[in-house]
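Structure first, commentary second.
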Amino acid sequence: MKIGCHVSIAGGVFNAPANAHALGCEVFQIFSRSPRGGPALALSKDIIEQFWSEMKKYEYSEFVIHTPYYINFGSKNKSISHTSARIIREELGRATLLGSPYVMTHMGSFKDLGRSAGLAQLVDGLFETLNTYRGNAQLLLEISAGAGEVMGGDFEQMAEILEHRKLRKFRLGVCFDTAHAFASGYDLRDASSVNKTLREFDLAIGLENLKVMHANDSKVGLGEKRDRHDHIGSGKIGKAGFRALLHHPKLKKVNMYLETEHDRVKEDIAILKELRGKS
Numbered sequence: 001m002k003i004g005c006h007v008s009i010a011g012g013v014f015n016a017p018a019n020a021h022a023l024g025c026e027v028f029q030i031f032s033r034s035p036r037g038g039p040a041l042a043l044s045k046d047i048i049e050q051f052w053s054e055m056k057k058y059e060y061s062e063f064v065i066h067t068p069y070y071i072n073f074g075s076k077n078k079s080i081s082h083t084s085a086r087i088i089r090e091e092l093g094r095a096t097l098l099g100s101p102y103v104m105t106h107m108g109s110f111k112d113l114g115r116s117a118g119l120a121q122l123v124d125g126l127f128e129t130l131n132t133y134r135g136n137a138q139l140l141l142e143i144s145a146g147a148g149e150v151m152g153g154d155f156e157q158m159a160e161i162l163e164h165r166k167l168r169k170f171r172l173g174v175c176f177d178t179a180h181a182f183a184s185g186y187d188l189r190d191a192s193s194v195n196k197t198l199r200e201f202d203l204a205i206g207l208e209n210l211k212v213m214h215a216n217d218s219k220v221g222l223g224e225k226r227d228r229h230d231h232i233g234s235g236k237i238g239k240a241g242f243r244a245l246l247h248h249p250k251l252k253k254v255n256m257y258l259e260t261e262h263d264r265v266k267e268d269i270a271i272l273k274e275l276r277g278k279s
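Going letter by letter, the sequence shown gives residues 1 to 279 in full-length UniProt numbering.
What follows is the structure, encoded as structure tokens:
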């Protein structure tokens with residue numbers, strides 16, 4: 001298991017490896033475009049070559065891409081759902097060009113349409129995204145904190161999406177966010193709780209579909225259904241839970257990416273490395 005965090009691409013995507021190296025990352029996550037809107041900068045051959053020159057310079061072999069924040073397949077405004085499909089499709093194409101194995105995304109909220117109609121629109125939106133996609137990057141759906149009507153707040157709902165008859169052929173995977181799962185009611189505070197939660201995940205979804213972890217402690221308690229990240233060991237999950245995750249035999253090839261505030265993310269990386277022990 002390798003450890004890293006989300007890093008900036010300010011000035012160009014080719015700056016990400018140096019930014020990651022400065023923080024002590026072994027892997028890293030990026031936005032390939034502005035997370036708040038606007039067109040994406042074209043990935044020219046020169047930019048891609050410069051990016052991989054920096055990757056080799058700092059001895060990186062893997063990074064992942066997160067989609068922008070505004071993705072919402074549950075909006076009653078159909079153009080927002082269609083735009084979400086287009087943006088994710090673009091990000092999958094950009095990931096293929098850059099050589100990232102995974103693109104992860106939030107899915108949006110059921111609040112406009114309700115669960116039944118919202119789920120149907122989500123399925124249609126993901127089908128629209130992937131039906132003619134032929135790239136190399138795999139799309140991962142991120143576990144949510146269960147706040148309000150946010151999509152993907154429990155394992156059963158995630159399994160329903162992944163195994164839907166229109167989607168199962170697309171090889172969708174899962175990004176497991178520790179803070180989100182904890183806020184949704186899945187305990188991660190010690191080895192026993194981690195084992196129980198991962199057994200539940202395996203029964204509902206299958207651990208083979210868990211490809212990436214977001215390592216975030218939680219400012220809120222178990223099952224409080226709010227998305228509030230905290231620094232490792234400062235939140236309600238605590239170091240014992242992360243130690244158990246880092247040493248779980250079924251997670252050895254699942255890399256961890258921190259999304260904590262950058263004021264202490266370098267310290268968070270060092271804490272996770274210490275809990276993991278030498279690689």
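Backbone N, C-alpha and C define an ideal beta-carbon position, used for all residues, glycine too.
Cα-Cα separation, residue i to residue j
{"i": "G185", "j": "A147", "result": "11 Å"}
{"i": "T197", "j": "S44", "result": "43 Å"}
{"i": "A240", "j": "D217", "result": "11 Å"}
{"i": "Y70", "j": "N77", "result": "13 Å"}
{"i": "R276", "j": "M1", "result": "9 Å"}
{"i": "G12", "j": "A18", "result": "11 Å"}
{"i": "D112", "j": "S75", "result": "6 Å"}
{"i": "R264", "j": "K166", "result": "42 Å"}
{"i": "I161", "j": "L119", "result": "8 Å"}
{"i": "G37", "j": "F31", "result": "11 Å"}
{"i": "E200", "j": "N209", "result": "13 Å"}
{"i": "T67", "j": "L272", "result": "25 Å"}
{"i": "S279", "j": "F242", "result": "Any reading at S279 must be qualified, since the residue scores a pLDDT of 47, below 50, and its modelled position is unreliable; the value itself is stated next. One C-alpha to the other measures close to 16 Å."}
{"i": "E261", "j": "K169", "result": "37 Å"}
{"i": "E59", "j": "Q29", "result": "15 Å"}
{"i": "V150", "j": "S109", "result": "4 Å"}
{"i": "H229", "j": "S116", "result": "29 Å"}
{"i": "S61", "j": "V27", "result": "8 Å"}
Residues near residue i by beta carbon distance below 7 Å, same chain, minus five either side
{"i": "F14", "result": "I47, Q50, F51 and E54"}
{"i": "L92", "result": "V103, Y133, G135, A137 and L139"}
{"i": "A159", "result": "A204 and I205"}
{"i": "H233", "result": "Looking at the sequence itself, residue 233 is Gly, so the reference to His does not match. If we look at G233 and ignore the five residues flanking it on each side, its Cβ neighbours are D217, K239 and I271."}
{"i": "A244", "result": "D190, A191 and V194"}
{"i": "I237", "result": "T178, F182, L188, R189, D217 and S218"}
{"i": "A85", "result": "G125, E128 and T129"}
{"i": "K225", "result": "A145, G146, A147, A183 and S184"}
Supposed close pair residue i, residue j - CB separation, criterion 8 Å
{"i": "V64", "j": "Y257", "result": "7 Å"}
{"i": "M164", "j": "E142", "result": "As written in the sequence, residue 164 is His, which differs from the Met given in the question. 17 Å between Cβ atoms; not a contact."}
{"i": "G235", "j": "K219", "result": "6 Å"}
{"i": "L122", "j": "F73", "result": "4 Å"}
Short CB-CB distance (under 7 Å) between residue i and chain B
{"i": "K219", "result": "The structure shown contains no chain B; it holds only a single protein chain."}
Neighbourhood of residue i by C-beta, 8 Å cutoff - its chain only, sequence neighbours within 5 removed
{"i": "A270", "result": "G24"}
Contacts around residue i, its chain only, beta-carbon distance under 6 Å, and the 5 residues preceding and following it disregarded
{"i": "I88", "result": "T67, T105 and T129"}
Exercise. What are the start and end residues of each continuous alpha helix (DSSP H) run of 4 or more residues lying completely inside the stretch 177-258, in chain order?
Worked result: Those alpha helix (DSSP H) runs which fall completely within the stretch 177-258 and span 4+ residues are 178-183, 191-204 and 239-246.
For this session: Could you tell me whether the stretch 199-207 touches the stretch 80-97, using the rule of 3 or more Cβ pairs below 8 Å?
Result: The stretch 199-207 is not in contact with the stretch 80-97.
Exercise. Any chance the stretch 119-133 sits against the stretch 176-185, with 3 or more Cβ pairs inside 8 Å?
Worked result: Using a C-beta cut-off of 8 Å, the stretch 119-133 makes no contact with the stretch 176-185, since fewer than three inter-stretch Cβ pairs fall below that distance.
Exercise. Which residue spans inside the stretch 7-75 form an unbroken beta strand (DSSP E) run of at least 3?
Worked result: Along the stretch 7-75, the beta strand (DSSP E) occurs as fully enclosed runs of 3 or more residues at 27-30 and 63-66, listed in sequence order.
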